[in-house]
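Peer 1: I have a structure I would like to understand better, so I am pasting it below and will then ask my questions one at a time.
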Amino acid sequence: ETGVTQTPRHLVMGMTNKKSLKCEQHLGHNAMYWYKQSAKKPLELMFVYSLEERVENNSVPSRFSPECPNSSHLFLHLHTLQPEDSALYLCASSQGHRGSEQFFGPGTRLTVL
Amino acid sequence: QKEVEQNSGPLSVPEGAIASLNCTYSDRGSQSFFWYRQYSGKSPELIMFIYSNGDKEDGRFTAQLNKASQYVSLLIRDSQPSDSATYLCAVNMDNYGQNFVFGPGTRLSVLP
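The listed protein sequences correspond, in order, to chains G and F. Here the first sequence is numbered in the numbering used here, starting from 23 and rising by one per residue. Here the second sequence is numbered in the numbering used here, starting from 255 and rising by one per residue.
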């Protein structure tokens with residue numbers, strides 16, 4: 023595997039379900055990111071991890087919970103989501119989180135029923 | 255509010271022409287600037303980055319940066335139908351990852 027991978031690629035879940043999105047980077051980077059991309063809206067940065075330390079983003083609802091066990095893996099745990107949370111969730115990584123270009127995974131298309 | 259603005263388009267150009275994509279940003283202290291291409295249903299793909307005022311060329315692509323005017327552009331020479339995509343401008347506003355702000359994107363259509 024090369025680059026940034028994400029699983030699953032597609033996910034349909036009910037509002038009462040709990041699911042997790044997984045991201046893995048094979049680039050030797052030390053910073054990872056979660057973005058949300060909704061139709062007709064700019065990419066929204068959700069969370070940043072640098073050297074496995076989380077940078078808080080207070081605008082993200084608590085029903086989204088990130089986890090970064092090491093510099094290669096990033097998870098986004100989902101629970102009691104709303105239909106408006108349906109979107110493409112993108113993971114990215116970079117070498118350092120200060121001004122470096124970010125490389126994206128293929129994304130997880132999430133539909134909340 | 256730190257913002258990055260782009261015309262949403264669509265911008266239509268004939269095959270072989272030059273496509274010019276523009277982006278303005280609100281934070282004068284911004285340090286680094288990126289252009290991504292996103293095909294429909296796919297994730298963004300980095301095309302170019304630029305840090306210094308002036309032009310930076312890579313093949314058919316030229317990025318232009320004017321920090322005084324808070325303006326960055328992307329020129330695509332000899333446009334091809336395969337260049338049809340949404341182009342996202344991203345600005346790192348204070349050299350921290352949490353202030354990496356994307357514009358809404360400009361949809362480019364290259365007509366054969």
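Glycine included, each C-beta is placed from N, C-alpha and C at the ideal position.
1. For E311(F), which three-state DSSP category applies?
2. Give the range of the beta strand (DSSP E) segment to which P91(G) is assigned.
3. How many angstroms separate the CA atom of G359(F) from the CA atom of Y341(F)?
4. Are the CB atoms of L33(G) and S297(F) nearer to each other than 8 Å?
5. What are the complete beta strand (DSSP E) segments, minimum 3 residues, inside the segment 260-334 of chain F?
6. Do S333(F) and G270(F) come within 8 Å of each other at the CB atom, strictly closer than that value?
7. Excluding sequence positions up to five away, which residues of its chain have a Cβ less than 6 Å from the Cβ of D309(F)?
8. Starting from G207(F), find everything on chain G with Cβ-Cβ shorter than 7 Å and list it in chain order.
9. Give the interface partners of P91(G) over in chain F, defined as CB-CB distance under 8 Å, in chain order.
10. For T130(G), count neighbouring Cβ atoms within 10 angstroms of its own Cβ and tell me buried if that reaches 16, exposed if not.
11. The segment 313-345 of chain F: which residues have C-beta closer than 9 Å to a C-beta of chain G, in chain order?
12. Buried or exposed for P357(F), going by 16 or more other Cβ atoms inside 10 Å?
Peer 2: The structure says:
1. strand
2. 86-92
3. 5 Å
4. no
5. 265-268, 273-279, 286-292, 299-304, 308-312, 315-320, 325-330
6. yes
7. T316, Q318
8. No information on residue 207(F) is available, as it lies outside the stretch 255 to 366 that chain F covers here.
9. Here the premise fails: no neighbours, minimum Cβ distance about 19 Å.
10. buried
11. L342, A344
12. One detail in the question is off: residue 357(F) reads as Gly in this sequence, not Pro. Buried.
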